[in-house]
Structure formats: structure tokens, C-alpha cells
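Beneath this line is the structure, given in C-alpha cells, with notes to follow.
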Amino acid sequence: MTSVPLLPIRTERLVLRPYTHADLEASLDYYGDPEVARLLLEPPWTHEVAVAKIASRVERTGLDAPPRAFALVVEHEGQVVGDVALWVTDETGAKGEVGWVFRPDVAGRGFATEAARAVIDHAFDHYGMHRVVAELDARNSASAALCERLGMRLEATHLQDLFSKGEWTDSLVYAVLASERPRDHGDAIVVSAVDLRDADGHVLTVRKRGTTAFMHPGGKPEAGESPAQCALREVEEELGLVLAPEDLELLAVHRTAAANEAGRPLIASVFRHPHLAQQSRPTITPAAEIEEVRWTDPTHPLPDDVAPLLRWLVEREEEQS
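Written out as C-alpha cells, the structure is:
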């Protein structure tokens with residue numbers, strides 16, 4: 001398994017982060033709802049139950065060590081909207097199970113799909129899983145539809161195998177393999193990009209040969225390569241920098257306009273790495289297809305030739321500060 005840090009996971013609209021004890025009230029707000037609990041294998045939470053549940057979930061922060069699970073709070077604009085969990089189901093770590101619960105008042109906004117897809121992608125891309133399943137109450141039509149949207153396949157219907165709240169009910173088993181998950185990005189260019197900053201917070205940008213835009217170092221993944229592996233390889237090839245994998249942090253997966261191919265969208269896995277954080281504008285020698293290297297100060301107005309992805313990242317940081 002790769003040692004690239006996984007958490008938090010950031011999507012276009014959401015932040016998926018580990019639990020803290022401060023999440024008790026927000027979680028109790030929807031887990032204590034009888035309608036939410038109706039299709040779960042547990043009664044509505046009481047405050048006492050919530051304390052124990054949150055304490056357990058706080059410990060679930062990765063798949064590499066016991067309990068080999070992570071439980072993630074899902075936030076939208078700073079508000080808790082639900083949670084997603086993933087846990088290992090075999091000794092090798094090749095198989096796992098995913099589950100989710102969301103507040104009823106956010107239904108229909110696509111949060112569950114966005115969050116669950118991000119977790120499944122990370123199970124495959126960052127932990128090298130082979131297969132992920134989801135098991136659910138057969139009456140839970142919303143979760144069944146979500147599984148379909150995620151590209152999961154209905155593999156089994158188990159008749160009356162769950163006894164919950166005084167009755168037997170059927171369950172459904174959905175599954176997806178790493179090799180068959182939907183990866184159709186249309187005409188979008190899929191890349192990995194690495195945000196490298198110096199001791200003063202300046203961003204390292206590069207301009208590729210025959211182009212005019214300055215952007216993060218990075219590029220397109222090779223066959224079978226994860227976004228993190230692509231990021232590490234591209235930085236070494238383009239700049240001669242060998243980055244420690246354990247310090248690579250995923251900031252976001254973002255869709256924007258491609259800088260060098262007019263009219264085409266770009267889907268970028270954006271990482272940050274502290275490799276140059278102890279130096280002030282160190283000299284970097286470009287290689288491969290890189291024509292020029294430039295340090296950019298994100299606290300000043302960005303030049304017109306900065307790529308849309310970097311511009312978006314700087315604007316997001318300003319909004320969050």
C-alpha cells in the first residue's frame with residue numbers, strides 16, 4: 001500500500017475529514033432521527049450512544065493499521081451533511097466495504113454521490129484495493145440508486161437475512177472492481193499537478209516548451225498509474241526533484257479549463273509537497289519538456305499567463321483564509 005497521506009479528501013464541493021469529538025451534536029442530529037435509522041441496523045442514537053459511537057469513529061483514520069478503516073465526516077461549506085466509511089474486509093487489504101449516511105435535508109444535491117465516489121476512487125488509487133462492495137437494506141431505494149450512479153453492479157439479493165427493529169428484511173450487495181469503475185471523462189484532460197512552495201510561500205510554476213501558460217509541474221498519468229504516482233514521477237522527470245511519497249498531500253480534485261488546449265476541460269488531482277519549504281526561491285533546473293521555471297507570489301495579483309488551475313487554487317485559499 002502507498003504511504004501517500006489520504007485524509008482529508010477534498011472534492012469540488014466537499015471536504016471529507018476524520019471525526020473529532022466536536023462532531024457529536026451534528027452527528028446526533030441525524031443519527032437520532034427515527035426516519036434515518038429506519039433503514040440502518042441500529043436504533044436512533046441517544047446522547048449516550050452518540051458519545052460511544054463518535055469515540056470509536058475518531059480512531060478510524062486509515063486502512064494500514066487496526067482497525068483498518070476510516071470514518072469520514074462530510075462537510076459542505078463548513079457544515080456537516082453526512083458521513084462515509086470504508087473498511088477492509090480481507091487479510092490482504094485487497095477488498096473493502098463502503099457505507100454512507102446523510103442528512104435527509106440535503107437529499108437531491110448530489111453530496112452522497114460525490115463523497116462516495118471520492119472514497120471509492122481513493123480506495124483504488126491510493127490503497128490499491130481490487131474490489132469494493134456496498135451492502136444495504138433492500139428497501140433503501142435511495143442508496144440502491146446511488147450504487148447504480150457509482151457504477152456498482154448488483155451482485156446478490158439475500159432474502160430475509162437482516163433482522164432489524166423486530167422484522168426480517170432482504171439485503172442487496174453491490175460491487176465494483178478497480179478495473180471496471182466508470183472512468184469516462186469525456187474529452188477532459190486528466191492530469192496530476194503538484195503545488196510546491198518555498199519558505200516565503202511562493203509557488204513554483206513551469207512553462208512547457210511551445211506554450212505560453214505557467215502552471216504547476218505535473219502531467220498525464222501513464223497506464224496503470226495512480227494520481228499520486230503520476231505526480232511523483234512528473235516532478236522528478238520535469239524538475240529532477242525526488243519527492244518523499246509520505247509527504248505528498250492531496251488538496252483537491254478539480255475540473256477547470258485546460259491552459260494549453262483551448263476549449264478542452266481539465267480534471268486535475270492537485271497535490272501539495274513541502275520539499276522546497278525550507279528554502280527561499282531555490283534555483284530549479286528544468287528538464288524534459290519544461291522550457292522555463294518561475295516563482296509566483298500568490299499574495300500579489302497573478303500574472304495573466306497563469307494557468308486556470310493555479311488561479312482557482314489561489315482564489316480558494318483566499319476564500320478560506
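Read the sequence shown against UniProt numbering and you will find it ends at 321, with the numbers running on by one and no gaps. Cβ coordinates follow ideal geometry from the N, Cα and C atoms, glycine included.
Excluding sequence positions up to five before and after L309, its CB lies within less than 8 Å of the CB of A193, M215, H216, H254, T256, A259, L266, A268, V270, all in the same chain and listed in chain order. Cβ-Cβ distances below 7 Å link W87 to R68, A69, G96, E97 in the same chain, with the five nearest sequence neighbours on each side left out; the list follows chain order. Counting along the chain, the unbroken alpha helix (DSSP H) around V51 starts and ends at 47-58. The segment 11-24 and the segment 73-82 touch, with no fewer than 3 CB-CB distances between them shorter than 8 Å.
In this chain, the alpha helix (DSSP H) harbouring V119 covers 111-125.
In the DSSP assignment, Y19 falls outside any beta strand (DSSP E), carrying neither H nor E. With contacts defined by Cβ atoms closer than 9 Å, D170 and L177 do not form a contacting pair. The secondary-structure analysis by DSSP pairs Q79 across a beta bridge with H76. DSSP places S141 inside the alpha helix (DSSP H), whose first and last residues are 141-149.
By the Cβ neighbour-count rule, Q229 is buried, with 16 or more other Cβ atoms within 10 Å of its own. Counting C-beta pairs with one atom in each stretch, the segment 275-293 and the segment 227-245 have three or more that are closer than 8 Å, which means they touch.
Contact between the segment 134-143 and the segment 21-32 is absent: fewer than three C-beta pairs spanning the two stretches fall below 8 Å. DSSP lists I290 as the bridge partner or partners of K208.
Secondary structure at V314: helix, using DSSP grouped into helix, strand and coil. S27 is classed as buried because its beta carbon has at least 16 other beta carbons within 10 Å across all chains shown. When the Cα atoms are used, A123 and M129 turn out to be separated by approximately 6 Å.
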